[in-house]
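Residue numbers (mature numbering (1 follows the signal peptide of the UniProt record, and there is no 0)): -25 to -1, 1 to 426.
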């Protein structure tokens, strides 16, 4: 067996042992025990980002999300509870706004031993900015792709080269429009397109909310000589289109156009930019890492955003006025439609649980990240091998091989130390793993002498 393969398997084993050794001392759940021992296993987990999105689900006639309020370490200091119905069929967490809050909160729940999330459907349900080329305020959108558009180099617009259309340049590239040469792994996530279509079909049965103020404002997006924003002037609807993630709350034609181009670039021309929000790539990365450890199913994620405001001004409007001062009238309809459309999705899953959703909706498309972490071949990006190389993974492996004997010897010794500690603590069942450990040690010896 090649040395690099041996090292990779040793690393995988060490990683597994390290995770086992980090079992929470207060949980003290034996690792040999099976799931189903009292853990909460919701069928639907609603992910809200801040109070108005969360409160849209409270006091509704269909169920009481505040029947159980569960404290967990790692949740937001201002949203310290997971809320669940009396039977725990539906639960809700509130991440707090921005990428860091989302990643931290979702990770805390996904890796908590209070929950069994392997069959849970995650409904990301929040408000967003909207591209008037695709849809309007009050609309309900369902994404296939989430793209971290601001993960780029940035020049102040007053200092960009004369031939650049934007101050954003992909990492490792030399001009806008070039594919990034430095890849972090969170740039793009693709979720289950078949599940998205089902969710959208449920939402289309909803009676969407609107407001006179929103109707008056959106009417300004179309003129007799400019129908580019005809979709922005139309009534609210349910649309399948994609989301830009950025902690920067951006606005205006230049940035919106630039980030729309980024979505097309990073999805290899497949993505259709329509909404902008602050959290989704962070949430999806946390759930992907949970899926790697079989704690969640990445095929059971729905990204639903309702449109609260336009990402750019109507023709002739000042961009700053559009962002800071205009009464767009879309906020309340967007919040209302989280519930109006979202409840149809939740009910569709619950009512179709035995027939369809318990077994899962098999995706016909690739799902996961740019690295192919969950398996399969990404249908976006430069290809898995190139992405891993540019992300540093393959370079790291080559470096490990160059360190030769010292690395492998330390790896084997470290594995032995972890095994001893786990045996002492009675956290692993030796008979159940003896054959694997024996093979591991024999392989280690062969690698040692091959150096």
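Virtual Cβ for every residue (Gly too), placed ideally from N, Cα, C.
Small disclaimer: the values here were computed from a predicted structure and weren't measured.
query, result
"Cα-Cα separation, residue 277 to residue 175", "10 Å"
"Paired residues, beta bridge with residue 165 - DSSP", "120, 343"
"Local conformation of residue 215 per DSSP, three classes", "strand"
"Residue 79, DSSP secondary structure in three states", "helix"
"Exposed unless 16 or more other CB atoms sit within 10 angstroms - verdict on residue 33", "exposed"
"Contacts around residue 168, its chain only, beta-carbon distance under 8 Å, and the 5 residues preceding and following it disregarded", "119, 338, 339, 340"
"Contact between the segment 250 to 260 and the segment 66 to 79 (3+ Cβ pairs under 8 Å)", "yes"
"Whether residue 22 touches residue 165 by CB criterion (8 Å)", "no"
"Buried versus exposed call for residue 297 [16 or more other C-beta atoms within 10 Å across all chains shown]", "buried"
"Distance between residue 16 and residue 207 (C-alpha atoms, nearest Å)", "40 Å"
"Beta strand (DSSP E) runs contained entirely in the segment 125 to 154, provided each spans 3 or more residues", "127 to 129, 143 to 145"
"Burial state of residue 106 (16 or more Cβ within 10 Å)", "buried"
"Rounded C-alpha distance that separates residue 56 from residue 137", "51 Å"
"Local conformation of residue 96 per DSSP, three classes", "strand"
"Three-pair Cβ contact test at 8 Å for the segment 210 to 228 versus the segment 289 to 307", "yes"
"Endpoints, beta strand (DSSP E) assigned at residue 48", "43 to 51"
"Length of the line joining the Cα atoms of residue 240 and residue 163", "11 Å"
"Residue-level contact to chain B via CB, residue 227, 8 Å cutoff", "Judged by its chain identifiers, the structure shown contains no chain B, having just a single protein chain."
"Beta strand (DSSP E) runs contained entirely in the segment 212 to 273, provided each spans 3 or more residues", "213 to 215, 217 to 220, 248 to 252"
"Classification of residue 271 by the beta-carbon crowding that lies within 10 angstroms, buried from 16 upward", "buried"
"Helix, strand or coil at residue 353 [DSSP, three-state]", "coil"
"Contacting residues, own chain, Cβ-Cβ under 6 Å from residue 125 (five flanking each side not counted)", "221, 223"
"7 Å Cβ shell around residue 8 - same chain, five flanking residues per side excluded", "Any reading at residue 8 needs caution, since the residue's pLDDT is 25, under 50, leaving its predicted position unreliable; the model's value is listed next. If we look at residue 8 and ignore the five residues flanking it on each side, it has no Cβ neighbours."
"Beta-carbon gap between residue 345 and residue 335 smaller than 8 Å", "no"
"Residues bridged to residue 284 [DSSP beta-bridge criterion]", "104"
"Whole-angstrom distance between residue 158 and residue 26, CA atom to CA atom", "34 Å"
"Classification of residue 99 by the beta-carbon crowding that lies within 10 angstroms, buried from 16 upward", "buried"
"Span of the alpha helix (DSSP H), counted from its first residue to its last, around residue 427", "Coverage of the chain is limited to positions -25 through 426, which leaves residue 427 absent and any answer about it impossible."
"N-terminal and C-terminal residue of the alpha helix (DSSP H) that residue 190 is part of", "187 to 193"
"Three-state secondary structure (DSSP) of residue 202", "coil"
"Collapsed DSSP secondary structure at residue -1 in the structure displayed", "Low confidence applies here, because residue -1 scores a pLDDT of 32, under 50, leaving its location unreliable; read the following figure in that light. Residue -1: coil per DSSP, three-state reduction."
"Span separating the alpha-carbon of residue 210 from that of residue 268", "43 Å"
"C-alpha gap between residue 146 and residue 80, whole angstroms", "28 Å"
"Neighbourhood of residue 123 by C-beta, 6 Å cutoff - its chain only, sequence neighbours within 5 removed", "161, 162, 220, 256"
"Residues near residue 200 in its chain [Cβ-Cβ closer than 8 Å; skip 5 each side]", "none"
"Buried/exposed call for residue 13, threshold 16 Cβ in 10 Å", "exposed"
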